[in-house]
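For the sequence shown, the tail end lands on 183 under full-length UniProt numbering, and the numbers increase by one without skipping.
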Amino acid sequence: MSAVAFTVTGLPIYGPMEGPTPSQEAYGDPVYNDLLDSCGGHTGYNADYHYHKILAISSCSLEETIIGYALDGFPIYSNPQYKWKSGYEKTGNPTSYSWNAYTYTGGTSTLDKCNGQEQSDGSYRYYVTESFPYVIGCYAGTAKKQTGVAAQAMPPMGSVSKSSAFLCTINRDDLNRLGDVAS
């Protein structure tokens, strides 16, 4: 698995499935299987923290906010005052391959199968939802792989703390429950 998007703080957002592909080897829906901490993420096998779902956002604003960008360049929004509803319905068992366990029906959702919506000005944006696929169901645009070398190295972090990269504060009980091995 790899990132489908990145938060505005630089942390990766993975899709709504945990584990390897092909489907017979996948670990299923990480939300349904209770693999995530109180922020909707966890540490992967390479000791990288990443999100699968955005559960809570530390923000002073109650306005609709860009929380990240998908690899196709479209923004991902969250709105603390409005809970967007996904158009996916659970039709199977999400403990293994999550894409076989959910079907896009549209239902009462105004979001498309990618978990986004075209705006009145013609722009497109994704929305985080409480239910599958949580952030992105598919790319509305074309994800592009960056090649080449960066123009210059990033400056040292200086006084910025490591915790500032998280969108929310991780609950210590979650770290214990998930078997955090960091010291």
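Each residue gets a CB set at the ideal place from its N, CA and C atoms; glycine is no exception. Computed from a predicted structure; not experimentally measured.
Residue state for residue 98 is assigned as helix, using DSSP reduced to three classes. DSSP lists 7 and 76 as the beta-bridge partner residues of residue 68.
Between residue 28 and residue 98 a beta carbon distance of about 5 Å is seen, short of the 8 Å cut, so the two are scored as contacting. Of the residues 12, 6, 118 and 117, the one whose Cα lies closest to the Cα of residue 49 is 12. By the Cβ-count criterion, residue 63 is exposed, with fewer than 16 other Cβ atoms from all chains shown falling within 10 Å of its own Cβ.
Between residue 128 and residue 54 a beta carbon distance of about 4 Å is seen, short of the 8 Å cut, so the two are scored as contacting. The residue among 119, 116, 86 and 121 with its C-alpha nearest the C-alpha of residue 105 is 86.
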